[in-house]
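In the numbering used here, the protein residues as written are 17 to 1016.
As structure tokens, the structure follows; a few thoughts come after it.
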């Protein structure tokens, strides 16, 4: 029986020092995707590795003598610093990579902070100017001597021509398509010149709009934002962040730049570019199917082996690939599939429904050499080894043995050998019989490793993959001079990814079978459990997203988890996030409703545009599909809504034609690509959409059905309603976007406008609010409350449970206070509550109020407090407070003020590597009267000095007790010994001044 044998690497015994992230540059680096622990492990196993660093989900290794493992897949960052210049201006300077033109100009002192004041208007010329990025770099001889040198751009924003040493390389027009190309024949040892010539995105978009209009005799709408948005036009003709030309919540910064990593990969045989697992499960099966696509840059005609393992469950598999058809600079897909029994794993659950269990999928790429070896059948006369004699042997390191097909094999410190046969026989003496041994503790029917060891020689163990389910008994192996040639392979690249196992289902069934007018359900099941979605929408975290926002993202994701959210909608006017972001949401259990990057526009449906976006869809889905947190793919933001309500008005292009092009792009093209590459989760063409009802209408639900409460998901906005009243909101099947503006804190906003302009109606504030009539709407939504009951002044109390368990014999404690009586309630009663899982009940309290002649109305006379407690009196819900709808008595002297009386630092109990606070303080507040809408904060100068990211365990609350304590959790700071006092914090409540409401 012939078997493939693989050399096994030993586990690391120690690790070199980690070096500073800012030193990640130079030609003596190896870089690969992985986890933090991989950096240490791989460096320890690598010849001449002196130090390592972990940055942005990548491991970087530095050498003591020069390039590491020249024939392995080595990635060299070549654009740590570059120069920039305006193609038609006098401006030049240094550029950061990744980065953007606005930030580079600011850092070079050419422009002021673009976020200050009217910076978006003052610096519009930046987005209307072509820019050139240039890098001069050297490479060493070992790089030039490699068989392959591939230049990789992960993201270029956006329309760019690239040249290397004066030779044209490529043109790119989509920032979400990575590029890889072989540049070996373009390079020289010194003074290589890489030039990236970016077109003005504003001019390019306008030109494409004109070209389209001339070709079709109609436009795709005006394409220009109106009124307060003050943005650029025709964003629908360029594949970059759609909100970068402005939105109703943000300014226009039509940036260009190198938005992600740029590096050279050099290798002799092969290197891993990306590992893309796909994890699926059929409902009637007791296993998950894991398809692992290993996208490999390789030398044409090589043979290689892909080794996969999930060490936490003892699962390993390998597959050889021979005579691989490799195209220079284009990754080849080496794919294999294996099954994972459901009873061997823990499932991944959303936040609040269970643990977020993740497993490490390790991938190794091995390039094959050959040695002769025969695995003989066990000699029947040979006794079986007793279990206690089955022991492990040390393994061979790949740097100790160099074997190539049909070439002499030369172990280190050994004399020259004439053949691979001699090599094997010198290492494993053929004059003796050798026992087959098993490492202790891992002997099982499903074990896949066969160990060949020489009892007389330390370090001669070879590890092999066996077919799944084979059990190996101890026996005798005898090497043979006439044996078939077996493969020994060396690891040239490796990768590790965290994966989870879970199922997702979108349920759209009749609400009632007998009466179809109630429409269809629209909810998700994860692992067959109905999930009550609670969350938010996520727009780009910054107007300049290519900058390093890792800590801020982690802070926001963790904040979502702390706030008991379990989902966010990644909005279609933004961007596909970096890998780190999805790793954070996987760990936190925060699911993602993931739009593709199309929003509120008509889009070209011609073949050229389809050719531009097809690889975008494929690349992004393949890159991200292994993340458990991605709940659903959606095609766009609000395109169906705009079509259904007839909001696109274009001469010569009627609604029927618009819908046909819409269906072509989002249903015929996008849906077919996404569902083929990722059948593990649902796909919906748009958000909002009527779901199946839209499909029944040909792809778009037309008014009056569009955005129906009876189907699919809805987006809901009102700028005039009373948002303190539940009746202001619809009760849809699923709501994926609500919108209402709010004014930022004074300490935030006065960083970007002069303090004397921080007033409603100022020209600066009018300019910065990009939503139509935004300042007027803010006042309309705020003041009606300063002049919760139903329209008959009846108090309605509901208990809503999204728990998976029933709640029995709970106690609802209800208290009613008045400002005049203070902390002594005028009404206090308790009610027994029994509520089933995932349900809602109403608690009847109005009759008890009537019995005590208590009337609640909008005269600003009451505060209602409710707490749900278990049988032992422990609160099982947050405290619920109901304030009067009209707080006309905002100047009432019976309104109290809170003071901070104590700040106590607690012990740091954080044991996780991520996701928990670095310091915790208990903040004690005292008052003598009821305090409405209290707000706590750290003083602005303290936040700035110590660069603090933080949250309070409660805020914006009403004090109904003499003393309250809340936790202040510091997520990040530049001072590891941070200490805070009462003087470092501040507390406010809403008050009326002569000028009106003082904003918090």
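In this text, a Cβ means the ideal position worked out from N, Cα and C, and glycines have one as well.
Contact annotation: residue 374 and residue 516 have beta-carbon atoms nearer than 8 angstroms. The three-state reading of DSSP puts residue 981 in strand, counting E and B together. Remark: C-beta atoms of residue 252 and residue 618 approach each other more closely than 8 angstroms. DSSP places residue 726 in no beta strand (DSSP E); its state is neither H nor E. Following the DSSP letters along the chain, one finds residue 619 in no beta strand (DSSP E), marked with neither H nor E. Within a 10 Å sphere around the beta-carbon of residue 332 sit 16 or more other beta-carbons, which makes this residue buried. Just so you know, the alpha carbons of residue 729 and residue 556 end up roughly 22 angstroms apart. Fewer than three pairs of CB atoms, one per stretch, sit closer than 8 angstroms, so the segment 282-296 makes no contact with the segment 248-262. Beta-bridge partners assigned by DSSP to residue 541: 521, 546. Residue state for residue 309 is assigned as strand, using DSSP reduced to three classes.
By the Cβ-count criterion, residue 607 is buried, with 16 or more other Cβ atoms from all chains shown falling within 10 Å of its own Cβ. Going by C-alpha positions, residue 913 is about 29 angstroms away from residue 865.
Taken in chain order, the complete beta strand (DSSP E) segments of 3 or more residues contained in the segment 228-274 number zero; there are none. If one requires a minimum length of 4 residues, no alpha helix (DSSP H) run lies completely within the segment 302-384.
Secondary structure note for residue 576: its alpha helix (DSSP H) is the uninterrupted segment 566-578. Segment contact: the segment 224-241 against the segment 197-215, fewer than three CB-CB distances shorter than 8 angstroms; contact not assigned. Residue 649 and residue 703 have their alpha carbons spaced roughly 10 angstroms apart. Burial check for residue 573: the Cβ neighbour count within 10 Å reaches 16 or more, so the residue is buried. In the three-state reduction of the DSSP assignment, residue 643 falls in the coil class.
Of the candidates 569, 777, 178, 615, 569 places its Cα closest to the Cα of residue 594.
Taking residue 819 as reference, the option from 631, 225, 545, 136 with the minimal CA-CA separation is 545. Per DSSP, the unbroken alpha helix (DSSP H) holding residue 598 starts and ends at 595-604. Each residue's CA atom was taken as its position, placing residue 816 and residue 827 some 14 angstroms apart. From the listed residues 161, 130, 984, the smallest Cα separation to residue 267 is found for 130. Counting the other CB atoms within 10 Å of its CB gives residue 656 a total of 16 or more, which places it among the buried residues.
Residue state for residue 290 is assigned as strand, using DSSP reduced to three classes. Within a 10 Å sphere around the beta-carbon of residue 341 sit fewer than 16 other beta-carbons, which makes this residue exposed. The beta-carbon separation of residue 351 and residue 310, rounded to 7 angstroms, stays under the 8 angstroms limit for a contact. For residue 649, the beta-bridge partners assigned by DSSP are 610, 699. For residue 297, there is no enclosing beta strand (DSSP E), as DSSP marks it with neither H nor E.
Residue 839 sits in coil when the DSSP states are folded into three classes, being neither helix nor strand. The segment 233-252 and the segment 199-206 do not touch, with fewer than 3 CB-CB distances between them shorter than 8 angstroms. In this structure, residue 345 keeps its C-beta atom at 8 angstroms or more from the C-beta atom of residue 128. Around the CB of residue 687, 16 or more other CB atoms lie within 10 Å, so the residue is classed as buried.
Note on geometry: alpha-carbon atoms of residue 706 and residue 246 lie some 32 angstroms from one another.
C-alpha of residue 779 to C-alpha of residue 769: approximately 11 angstroms in a straight line.
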